[in-house]
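There are 2 protein chains.
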Amino acid sequence: MIQHIATVAGLRAALAASGHDRDGRVALVPTMGALHEGHISLVNEARKHSGLVVVSIFVNPTQFAVGEDFDAYPRSLDADMKKLAGGADIVFAPSAREMYPGGHATTISVGGPAAGLETDFRPHFFAGVATVVAKLLIAAGPDVAVFGEKDYQQLLVVKRLVRDLALPVTIIGAPILREADGLALSSRNAYLSTGERRIAGRLNVILKDAVAQARASGDLRAVEAAATEALWQAGFSHVDYVAIRDAQTLEHIAALDRPARILAAVKIGKTRLIDNMAVA
Amino acid sequence: MIQHIATVAGLRAALAASGHDRDGRVALVPTMGALHEGHISLVNEARKHSGLVVVSIFVNPTQFAVGEDFDAYPRSLDADMKKLAGGADIVFAPSAREMYPGGHATTISVGGPAAGLETDFRPHFFAGVATVVAKLLIAAGPDVAVFGEKDYQQLLVVKRLVRDLALPVTIIGAPILREADGLALSSRNAYLSTGERRIAGRLNVILKDAVAQARASGDLRAVEAAATEALWQAGFSHVDYVAIRDAQTLEHIAALDRPARILAAVKIGKTRLIDNMAVA
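So the protein sequences, as listed, match chains A and B. Residue numbers for the first sequence follow the numbering used here, beginning at 853 and rising by one. Residue numbers for the second sequence follow the numbering used here, beginning at 853 and rising by one.
#1: Taking C-beta to C-beta, are A:A1099 and A:A1130 nearer than 9 Å?
#2: I'd like to know whether the C-beta atoms of A:L1072 and A:I1105 end up nearer to each other than 9 Å.
#3: Is the Cβ-Cβ distance between B:L1115 and B:L1102 less than 9 Å?
#4: Tell me where the alpha helix (DSSP H) around A:H891 begins and ends.
#5: Should A:R949 be flagged as near chain B, meaning a C-beta pair shorter than 9 Å?
#6: Would you kindly work out how many angstroms separate the C-alpha atoms of A:S908 and A:L989, rounded to a whole number?
#7: Can you tell me which of the three DSSP states A:R874 falls into?
#8: Could one say the Cβ of A:F965 lies closer than 9 Å to chain B's Cβ atoms, at least one of them?
#9: How big is the Cα-Cα spacing for A:D873 and A:A1086?
#10: Determine the closest residue to A:P1027 out of A:P882, A:A868, A:H891, with distance taken between C-alpha atoms.
#11: Could you list which residues in chain B have their beta carbon closer than 7 Å to that of A:I960, in chain order?
#12: Would you mind telling me which residues of chain B sit closer than 7 Å to A:I990, beta carbon to beta carbon, in chain order?
#13: Does DSSP classify A:D1061 as helix, strand or coil?
#14: To which residues of the same chain is B:G980 closer than 7 Å at the C-beta, ignoring the five residues directly before and after it?
#15: Could you please give me the residues that DSSP links to A:T1123 through a beta bridge?
#16: Can the beta-carbon of A:S893 be found less than 9 Å from the beta-carbon of A:L1108?
#17: Would you list the one or two residues that DSSP bridges to A:D1098?
#18: So for A:N1056, helix, strand or coil by DSSP?
#19: Between which residues of its own chain and A:G1000 is the CB-CB distance below 7 Å, once the five residues before and five after are set aside?
#20: Under a three-way DSSP split, which group does A:L863 fall into?
#21: Is the CB of A:A865 under 9 Å away from at least one CB in chain B?
#22: For A:K987, go through chain C and note every residue whose CB falls closer than 7 Å to its CB, in chain order.
#23: Can you find the residues in the same chain that come closer than 8 Å, C-beta to C-beta, to A:E1081, ignoring five residues on each side of it along the sequence?
#24: For a contact defined as C-beta to C-beta under 9 Å, what are the partners of A:R1012 on chain B?
#25: When you compare the CB of B:A982 with every CB in chain A, is at least one pair closer than 9 Å?
#26: Should B:K1011 go down as buried or exposed, given a rule of 16 or more other Cβ atoms within 10 Å for buried?
#27: Let me see if you follow: with CB-CB separation under 9 Å, is B:V906 close to chain A or not?
#28: Where do the ends of the alpha helix (DSSP H) carrying A:T958 lie?
#29: Which of helix, strand or coil does DSSP assign to A:D1033?
#30: With a floor of 4 residues, list each alpha helix (DSSP H) that falls wholly inside the stretch 950-1004 of chain B, ordered by position along the chain.
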């Protein structure tokens, strides 16, 4: 039976009562709900590390800018609870008022891997993410927390946040789950029309091609340019970026002389999609 | 016997070994060293709340701006350790590299009570304070932490930080200790020449007069102006501010219709002094 908890105090009490915050291990899987198989794979990963799995469901307003899809973001708590049956022990689904009570005035900013890429297009995004993730980690006090590699830059930002604040938690990145045509699972895929969905399936194919070209030619700037052109040709409405970067720091690299990652963000109509994969 | 610990990992290991992080209570007193009787009073206050008292000694570089007294700030670890004998159980004195390892890129900003006053003159101060205090609280995981009312705005900023991040710690403010002439104890008093020391002793007297006038007249702006003029007349080199504010939020108030605090910052030569007291 999953416990459904809406307050930080309630969460702490439940963890204390479980004995797992003292003697056992706790894993946290932070989500914004609208759960799909990708999230469930994070929960299953969490279960490998801990006898008690907490899934948080919170559509965090501070990581959305005005004009983004905060209001439209799919919310389906009842369906989410059913999907988590047998997987999670506690669902922590606080209100915005619980997470940001009146007078809330604290913001956590992370530089380093947060610079560029998503930040160029969503400048407030990572401060919102870092603040809410820190608050969730402080509230749940987990031994491990699991994040999807789908949001690869976010994963690195969270790792830096945890290192810098010396939060006593291990951050685990879990691999991207994909549809049959390779489209990365995302709650935002639900926005896509049938025609858009077909175009969306091209993103991962073009990135895979780019990886092969990068390994063959080594001219990373030419590969980024070619992939950008291929995305436009495939019918995407906008290509925010395609970038091959250092896989640990996201710094620019001139050659594949270290672990590298290709990351991309595109739009189809109003829907923004991101994807990434290892290059070397 | 005081334990002297220089790393976060060492601190956590010592707290775990003591059993006090599990079964008993831990109190933290964050300081920048150069300890005086004011600090010792904070340690004694901490002892009332906890069987294990940790005093941190760290001159935090991120709360000093270029041109401020970071390099000159008095450092006296051996003397500090002696003063803490019998008072503290653990002295946590990390290096700057331990607190800010290479690539450190996380900053915590607090609005609310951090706006104005000190921030008008030391714009980076409270972000430095909030970041290091959060890190110290996360490292030590205390049940209570004690801060002096001498740094009254800082105390309110720390309380807001702790509330906003829901850190599981109670922040306790301890009253200002004063010399015979009423000068608030401060490590920076050591900078004062004999002549400057005589002038410094006027600060608290002028603030006390201002409190009496505020209670009598109720014209807070006139009282602030008169106190500012009196400080210039007393020989201070500069008056950064004298302000009567809401004691909880530090917002401007027009009348003494709620708990209020008078706060002042002045300079004598290169030495900057602050003081504050309750008005109503």
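Here a beta-carbon is modelled for each residue, glycine too, at the ideal position from N, C-alpha and C.
If we stick to the structure as given:
#1: Against the first sequence, residue 1099 of chain A aligns to sequence position 247. Against the first sequence, residue 1130 of chain A aligns to sequence position 278. A:A1130 is positioned such that its CB atom lies closer than 9 Å to that of A:A1099.
#2: What you label residue 1072 of chain A is simply residue 220 of the first sequence in a count that begins at 1. What you label residue 1105 of chain A is simply residue 253 of the first sequence in a count that begins at 1. Their beta carbons are under 9 Å apart, which means A:L1072 touches A:I1105 by this criterion.
#3: As a position in the second sequence, residue 1115 of chain B is number 263, starting the count at 1. As a position in the second sequence, residue 1102 of chain B is number 250, starting the count at 1. Cβ distance < 9 Å, so B:L1115 and B:L1102 count as in contact.
#4: Along the first sequence, read from residue 1 onward, the residue named residue 891 of chain A stands at position 39. Per DSSP, A:H891 belongs to the alpha helix (DSSP H) from 889-901.
#5: Looking up residue 949 of chain A in the first sequence gives position 97. Not an interface residue.
#6: For the purposes of this step, residue 908 of chain A is taken as residue 56 along the first sequence, with counting starting at 1. For the purposes of this step, residue 989 of chain A is taken as residue 137 along the first sequence, with counting starting at 1. Those two C-alpha atoms are separated by around 10 Å.
#7: Taking the first sequence and counting its residues from 1, one reaches residue 874 of chain A at position 22. Any answer about A:R874 is weak, because its pLDDT of 47 lies below 50 and its placement is not dependable; what the coordinates show is given next. Coil at A:R874, not helix or strand.
#8: Here residue 965 of chain A is taken as the residue at index 113 of the first sequence, counted from 1. Note that residue 965 of chain A is Pro in the sequence shown, not Phe. Contact with chain B is found for A:P965, since one of that chain's Cβ atoms lies less than 9 Å from the residue's Cβ.
#9: Taking the first sequence and counting its residues from 1, one reaches residue 873 of chain A at position 21. Taking the first sequence and counting its residues from 1, one reaches residue 1086 of chain A at position 234. In this prediction, A:D873 scores a pLDDT of 49, lower than 50, which makes its location untrustworthy; the coordinate-derived value is nonetheless stated afterwards. Looking at the two C-alpha atoms, the distance is approximately 50 Å.
#10: For this step, residue 1027 of chain A is matched to residue 175 along the first sequence. For A:P1027, the nearest C-alpha among the options comes from A:H891.
#11: Along the first sequence, one-based indexing puts residue 960 of chain A at 108. The contacting residues are T958, I960.
#12: One-based indexing of the first sequence puts residue 990 of chain A at position 138. Close to A:I990, with beta-carbon spacing below 7 Å, are these residues of chain B in chain order: L1017, A1018, L1019.
#13: Your numbering for residue 1061 of chain A matches position 209 in the first sequence. The answer is helix: DSSP assigns A:D1061 an H, G or I state.
#14: Here residue 980 of chain B refers to the residue found at position 128 of the second sequence. So the qualifying residues of the chain are N912, T914, Q915.
#15: Stepping through the first sequence from its first residue, residue 1123 of chain A is reached at position 271. Note: A:T1123 sits in a beta bridge opposite A:I1120.
#16: Counting from 1 along the first sequence, the entry for residue 893 of chain A is found at position 41. Counting from 1 along the first sequence, the entry for residue 1108 of chain A is found at position 256. Taking the C-beta atoms as reference points, A:L1108 is found no nearer than 9 Å to A:S893.
#17: Taking the first residue of the first sequence as position 1, residue 1098 of chain A is located at position 246. According to DSSP, A:D1098 bridges with A:A1112.
#18: Stepping through the first sequence from its first residue, residue 1056 of chain A is reached at position 204. Collapsing the DSSP output to three states places A:N1056 in a helix.
#19: The residue you call residue 1000 of chain A lines up with position 148 of the first sequence. Result list for A:G1000: G890, L894, A1026, I1028, in chain order.
#20: Working through the first sequence from its first residue, we reach residue 863 of chain A at position 11. A:L863 falls in the helix class under three-state DSSP.
#21: Numbered from 1 along the first sequence, position 13 holds the residue referred to as residue 865 of chain A. Among the CB atoms of chain B, none fall inside 9 Å of the CB of A:A865.
#22: Absence of chain C from the displayed structure is noted, the protein chains being A and B.
#23: Residue mapping note: residue 1081 of chain A aligns to position 229 of the first sequence, counting from 1. Sequence-distant partners of A:E1081 (beyond 5 residues in either direction) whose C-beta falls short of 8 Å from its own C-beta are missing from its chain.
#24: Position 160 of the first sequence, counting from 1, holds the residue named residue 1012 of chain A. Chain order gives the chain B residues near A:R1012 as G955, H956, A957, T958, where near means a beta carbon separation below 9 Å.
#25: Stepping through the second sequence from its first residue, residue 982 of chain B is reached at position 130. Under the Cβ criterion of 9 Å, B:A982 is counted among the residues facing chain A.
#26: For the purposes of this step, residue 1011 of chain B is identified with residue 159 of the second sequence, where counting begins at 1. Its Cβ being crowded by 16 or more others within 10 Å, B:K1011 is buried.
#27: Stepping through the second sequence from its first residue, residue 906 of chain B is reached at position 54. No, because no Cβ of chain A sits closer than 9 Å to the Cβ of B:V906.
#28: On the first sequence, residue 958 of chain A is found 106 positions in, with the first residue counted as 1. Unbroken run through A:T958 is the beta strand (DSSP E), 958-962; no alpha helix (DSSP H).
#29: By 1-based counting over the first sequence, the position of residue 1033 of chain A is 181. Here A:D1033 sits in coil by DSSP.
#30: Taking only runs of at least 4 residues, the alpha helix (DSSP H) segments lying wholly in the stretch 950-1004 of chain B are 970-973, 977-992.
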